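Take a look at the structure set out below.
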Amino acid sequence: YHGPGQLIIYCLIDLKRLGIGVKKMVSLIETSIMDLLTNHGIESHLKDGAPGVYVDGAKIAALGLKVKNGRTYHGLSLNVDMELFAFAQINPCGYQGLKVTQLCDLTDNINLDTIANELSQILANHVTRH
423 YHGPGQLIIY CLIDLKRLGI GVKKMVSLIE TSIMDLLTNH GIESHLKDGA PGVYVDGAKI
483 AALGLKVKNG RTYHGLSLNV DMELFAFAQI NPCGYQGLKV TQLCDLTDNI NLDTIANELS
543 QILANHVTRH
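Residue 521 in this note's numbering sits at position 99 of the sequence shown; the count goes up by one each step and never skips.
See the structure below:
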């Protein structure tokens, strides 16, 4: 599910040119999200076998990459300031009963545009430094 108040970033990356694999790219995305959350005083974690970023067991960010000919398509979604009730009607990311959370419930003064700029910069820095 994607909806208003959710940040979507499409990562159009040539992995071959950068000399990295899919697992490394996933790690760079997850690390970027976790760095953003840390910048806002939020402790986050990963779950084995369940891609994405979690806060206290609730998913705050999802990943969905497609790789074709060494290039990534699609990317990530980060719940910033949205109506979470829609997630109760579905199995988020295919997981029944998965709890979700959002940035605005975890910290004050959140603006979608500011978060978009901040996360884009963090991600670009990670990818170029890999």
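Think of the CB as a built atom: it goes at the ideal place given N, C-alpha and C, for glycine as much as any other residue.
Please read these numbers as outputs of a predicted model, since none were measured by experiment.
* Neighbour-count burial assignment, T523, 16 or more Cβ in a 10 Å radius -> buried
* **Extent of the continuous alpha helix (DSSP H) to which Q543 belongs** => 534-551
* **For K445, the nearest candidate out of I464, G471, I532 (CA to CA)** => G471
* Which partner residues does D478 have in the DSSP bridge list? -> Paired residues: none, contrary to the question.
* Whose CA, out of G441, L434, L487, I431, lies closest to the CA of R551? -> G441
* **Alpha-carbon to alpha-carbon, I544 and D457** => 8 Å
* Asked: From what residue to what residue does the beta strand (DSSP E) around K469 run?
  -> 467-469
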